[in-house]
Amino acid sequence: MSKTVSKSEFKPRALEFLRQVEQSGEPLIITDRGRPVAKIEPYSDGDETLERLRGLVLKYDDPLEPVGAEEWELSE
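Letter by letter, the sequence shown follows residues -1 to 74 of the working numbering.
Right, dumping it as structure tokens:
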């Protein structure tokens, strides 16, 4: 669950909140009058996302051909 702080609370304690996000890895939502306006989360260069997805994509020679039952089960 993301922590939520108001803009007025965030402004004087910005460095403290940034350190919390860095250490905990949890995002921080900044609000203005109760409405979310910004989200601060740890930086990710995207490589780890690509690594998790690698090998999950199936290649079909004819994408319009029906998929067999054994291939269908692979997607679960």
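Just so it is clear, CB atoms sit at the ideal spot from N, CA and C, and this is done for glycine as well.
Need the endpoints of the alpha helix (DSSP H) that residue i sits in, please.
i	result
residue 52	From DSSP, residue 52 is part of no alpha helix (DSSP H); its letter is neither H nor E.
residue 57	Careful: residue 57 lies outside any alpha helix (DSSP H) and carries neither H nor E.
residue 22	12 to 22
Which partner residues of residue i appear in the DSSP bridge assignment?
i	result
residue 33	30
residue 5	Residue 5 pairs with nothing; no bridge assigned.
Just to check my reading of the structure: residue i and residue j have Cβ atoms closer than 8 Å, yes? What is that Cβ distance to the nearest angstrom?
i	j	result
residue 28	residue 35	6 Å
residue 0	residue 26	7 Å
residue 5	residue 45	Between residue 45 and residue 5 the Cβ distance is about 33 Å, and since that is not below 8 Å, they are no contact.
Stretch-stretch touch, CB-based, cutoff 8 Å, three pairs: the region 63 to 70 with the region 37 to 54: no
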